[in-house]
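Counting in UniProt numbering, the sequence shown runs from 1 upward without gaps. Below is one structure, written out as structure tokens; the observations come after it.
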Amino acid sequence: MLDLIAWLFSFFILLAVIALVLYQIMCFLDLETDYINPYELATKINNIMLPEMITQGGLCFLHLVTRHWIMFLFCLPYLSYNVHLMIWSIVDED
Numbered sequence: 001m002l003d004l005i006a007w008l009f010s011f012f013i014l015l016a017v018i019a020l021v022l023y024q025i026m027c028f029l030d031l032e033t034d035y036i037n038p039y040e041l042a043t044k045i046n047n048i049m050l051p052e053m054i055t056q057g058g059l060c061f062l063h064l065v066t067r068h069w070i071m072f073l074f075c076l077p078y079l080s081y082n083v084h085l086m087i088w089s090i091v092d093e094d
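Following this line, the structure appears as structure tokens:
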């Protein structure tokens with residue numbers, strides 16, 4: 001039963017990450033067709049990045065806690081990339 005609950009949480013978190021990425025793609029398509037300007041795009045993408053990083057980190061943590069090692073290893077490079085982006089964005093602000 002615990003595996004089923006973990007799978008459901010993983011499924012819905014993954015759907016949230018996919019929805020956030022699709023929103024970013026739609027924003028870039030709007031930029032390509034000149035519906036928005038680059039400054040509005042940057043604002044929209046920057047507002048979405050932190051929730052995307054948090055949900056992906058939660059997904060990676062869920063795989064670690066439920067001992068799904070292969071899925072954890074698949075999520076780990078993306079998590080390390082997000083941590084790298086977060087560290088460099090903090091360093092660039094100072």
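Beta carbons: idealized from backbone N, C-alpha and C, even for Gly. Just so we're clear, the structure is a prediction, and the values are computed from it rather than from any experiment.
Of the residues assessed, residue 63 falls on the buried side of the cut-off, its CB having 16 or more other CB atoms within 10 angstroms. Annotation: residue 86 to residue 76 spans about 15 angstroms, alpha carbon to alpha carbon. In this model, residue 24 and residue 51 are separated by some 12 angstroms (Cα to Cα). In this structure residue 59 touches residue 10 by the C-beta definition: roughly 6 angstroms separates them, less than 8 angstroms.
In this structure residue 18 is exposed. Its beta-carbon is surrounded by fewer than 16 other beta-carbon atoms within 10 angstroms. At a Cβ-Cβ threshold of 8 angstroms, residue 2 and residue 48 do not count as neighbours. In the structure shown, residue 84 falls within a helical segment according to DSSP collapsed to helix, strand and coil.
Measuring C-alpha to C-alpha distances from residue 46 to each of 80, 33, 28 identifies 28 as the nearest.
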